[in-house]
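Take a look at the structure below.
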Amino acid sequence: LPYVPQVPPMALLGRVTATTFALERPRGVFDGHADASDSVWLAVAFANGERSLFLWQGTWGPSPQPLTHHLCRAASAAFRNPQCRAEVPLYQQLLAACSYMTLETAAAEYSCSAPSPAVLRVGGDTACGDQDRQDPCNGPLPSPGPYRVKFLLMGCRGPKAETRWSEPILLRTALSPSTIEPAPARPGSALVVIASILASLGAALAAAVLGALGAKAWGSLCHRGLGTGAFIRRSYRSHHIPPALPQPPPPGCGCSPPGLCPSA
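In terms of the UniProt record's numbering, the sequence shown has 237 at position 237, counting the first letter as 1, and numbering is strictly consecutive.
What follows is the structure in structure tokens.
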């Protein structure tokens with residue numbers, strides 16, 4: 001089939017991580033090819049021309065040794081479709097086969113009318129590391145890849161239809177703390193610190209001087225105020241004014257009532 005699987009182009013949280021990636025759901029791709037009993041699988045393999053990945057001390061990564069360890073290169077070109085379910089490569093065989101199949105789903109769930117999520121998550125089953133499991137689980141991807149994927153429609157007699165391989169999908173790579181360079185110091189940062197310290201000391205000294213001058217001025221004002229009050233209290237004397245003496249009556253008036261003069 002001409003369909004090419006792809007990572008969703010729109011912004012999506014966790015679209016590609018260090019161990020997983022999202023895929024668009026192939027809606028309607030197998031309509032007209034699938035029966036009710038058929039199932040759709042996802043084949044995952046290392047991409048053609050990928051950089052060499054080696055199994056070194058139980059982990060995946062570039063090997064410091066010559067080509068004497070397990071090598072996965074161009075696994076998608078060497079992938080062969082299984083002829084029955086018993087031949088399906090499991091996730092636990094990825095280290096040996098460099099490919100596996102997962103996400104077995106009823107073909108009806110990929111029809112245009114099926115109410116299903118718009119994306120699939122490859123590598124999302126964190127409980128898939130048990131080597132004794134024989135089911136095609138969807139475990140975390142062990143290395144950055146790159147990977148190629150394709151959808152395969154299988155019936156009771158084997159493969160019936162398949163899509164094209166996707167473009168190489170490269171996962172994110174976490175940086176080792178030892179490889180992260182610290183942020184360089186800005187030029188003149190030491191001078192900025194020294195200038196800040198000197199400014200703080202200058203402000204503290206100025207505050208101390210102003211406080212001392214203010215205290216001295218306040219004490220002088222209080223001393224002057226007390227001296228003036230004492231002077232006023234000592235120098236104030238009340239003046240006694242004696243009562244006015246009675247004035248003698250004007251001549252020509254005897255002892256008659258006031259305003260009446262004796263007749264001549």
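Yeah, the Cβ is synthetic: ideal placement off N, Cα and C, and Gly gets one too.
- Query: So, is Pro32 buried or exposed, given that buried needs 16 or more other C-beta atoms within 10 angstroms?
  - Reply: According to the sequence displayed, residue 32 carries Gly and not Pro. Looking at its Cβ environment, which holds fewer than 16 other Cβ atoms inside 10 Å, Gly32 is exposed.
For a minimum of 4 consecutive residues, which ranges assigned as the alpha helix (DSSP H) are wholly contained in the segment 77-148? 94-97
CB contact flag (Arg25, Tyr110, <8 Å): yes
Notebook entry, point to check: Since Trp41 is in the beta strand (DSSP E), which residue starts that stretch and which ends it?
Noted result: Residue range Ser39 to Phe46 is occupied by the beta strand (DSSP E) that includes Trp41.
Thinking just about the alpha-carbon of each residue, which of Leu171, Trp165 and Leu191 is nearest to the one in Ala78? Trp165
### Rounded C-alpha distance that separates Arg172 from Ala204
54 Å
Check your understanding: Who does Pro159 pair with in a DSSP beta bridge?
Key -> Met154
### Task
From the DSSP output, in three-state form, read off Ala36 for me.
coil
Applying the criterion that 16 or more other CB atoms from any shown protein chain within 10 Å of the CB defines a buried residue, is Val193 buried or exposed? exposed
With DSSP as the reference, please indicate the residues paired to Glu167 in a beta bridge.
According to DSSP, which records beta bridges pairwise, Glu167 is partnered with nothing at all.
| message | Which of the three DSSP states is assigned to Pro64 in this structure? | response | Below a pLDDT of 50, predicted positions are generally treated as unreliable, and Pro64, at 42, falls in that range; no measurement from the model is reported.
Checklist entry - Cβ atoms of Cys128 and Tyr91: under 8 Å apart, would you say? => result In contact: Tyr91 and Cys128 (Cβ atoms closer than 8 Å).
- Close Cβ partners of Glu167 (< 8 Å) along its chain, the five nearest in sequence each way excluded: Val4, Gln6 and Arg148
- Query: Which word fits Cys156, buried or exposed, when buried means at least 16 other C-beta atoms lie within 10 angstroms of its C-beta?
  - Reply: Exposed.
6 Å Cβ shell around Gly123 - same chain, five flanking residues per side excluded: So the list reads Thr19, Thr20, Pro140 and Leu141, once near-sequence residues are dropped.
Can you have a look at Lys150 and say buried or exposed, based on whether 16 or more other CB atoms are within 10 angstroms of its CB? buried
| said: Going by the DSSP bridge assignment, what does Ala22 pair with across the sheet? | reply: Arg121
Check your understanding: Going by other Cβ atoms of all chains shown within 10 Å of its Cβ, with 16 needed for buried, is Glu162 buried or exposed?
Key -> So Glu162 counts as buried.
Whole-angstrom Cβ separation of Leu153 and Phe46, contact assumed at under 8 Å? Not confirmed; about 23 Å, so no contact.
>> Please classify Gly214 as buried or exposed, where buried requires at least 16 neighbouring CB atoms within 10 angstroms.
In response: exposed
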